[in-house]
Amino acid sequence: MGEIARDDKGQSQLHVKVVVGKSAGTACGGRLFEASVRPTMEIVIVESPWELRRRVHEDVGLALLDWKR
1 MGEIARDDKG QSQLHVKVVV GKSAGTACGG RLFEASVRPT MEIVIVESPW ELRRRVHEDV
61 GLALLDWKR
């Protein structure tokens, strides 16, 4: 799961979370920063009616999502 949002400069930014199944039958999950995949990977992208933008909120010092229809 995750989102594709534009930053303050209009550049697309990915924020991706994953769950990976391990060979021992356990799973590990978290934020994905970099990955190598072989032989295949499935990606599902669903278009939303909301326009997502990530902008820095000075009051908390974090880049948070803003959206509008």
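The numbering of the sequence shown is this note's numbering, which starts it at 1 and goes up by one. Just so it is clear, CB atoms sit at the ideal spot from N, CA and C, and this is done for glycine as well. What you are looking at is a predicted structure, and each value in this text was computed from that prediction instead of being measured.
Could you check where the beta strand (DSSP E) with residue i kicks off and where it finishes?
i: Gln-11; result: Segment: none, Gln-11 is in no beta strand (DSSP E) and carries neither H nor E.
i: Glu-34; result: Element bounds for Glu-34: n/a, residue is neither H nor E.
i: Arg-54; result: 51-57
i: Ala-63; result: 62-68
Using CA atoms only, rank isn't needed, just tell me which of the options is closest to residue i.
i: Val-1; options: Ala-63, Arg-31, Ser-23 and Asp-8; result: Residue identity check: residue 1 is Met in the sequence provided, not Val. Among Ala-63, Arg-31, Ser-23 and Asp-8, the Cα nearest to that of Met-1 is on Arg-31.
i: Phe-33; options: Val-60, Leu-14 and Ile-4; result: Leu-14
For residue i, count the other beta carbons within 10 Å of its own beta carbon; 16 or more makes it buried, fewer makes it exposed. Which is it?
i: Arg-54; result: buried
i: Ala-27; result: exposed
So what's residue i in DSSP terms, helix, strand or just coil?
i: Val-20; result: strand
i: Glu-3; result: strand
i: Leu-25; result: Looking at the sequence shown, residue 25 is not Leu but Gly. The answer is coil: DSSP assigns Gly-25 none of H, G, I, E or B.
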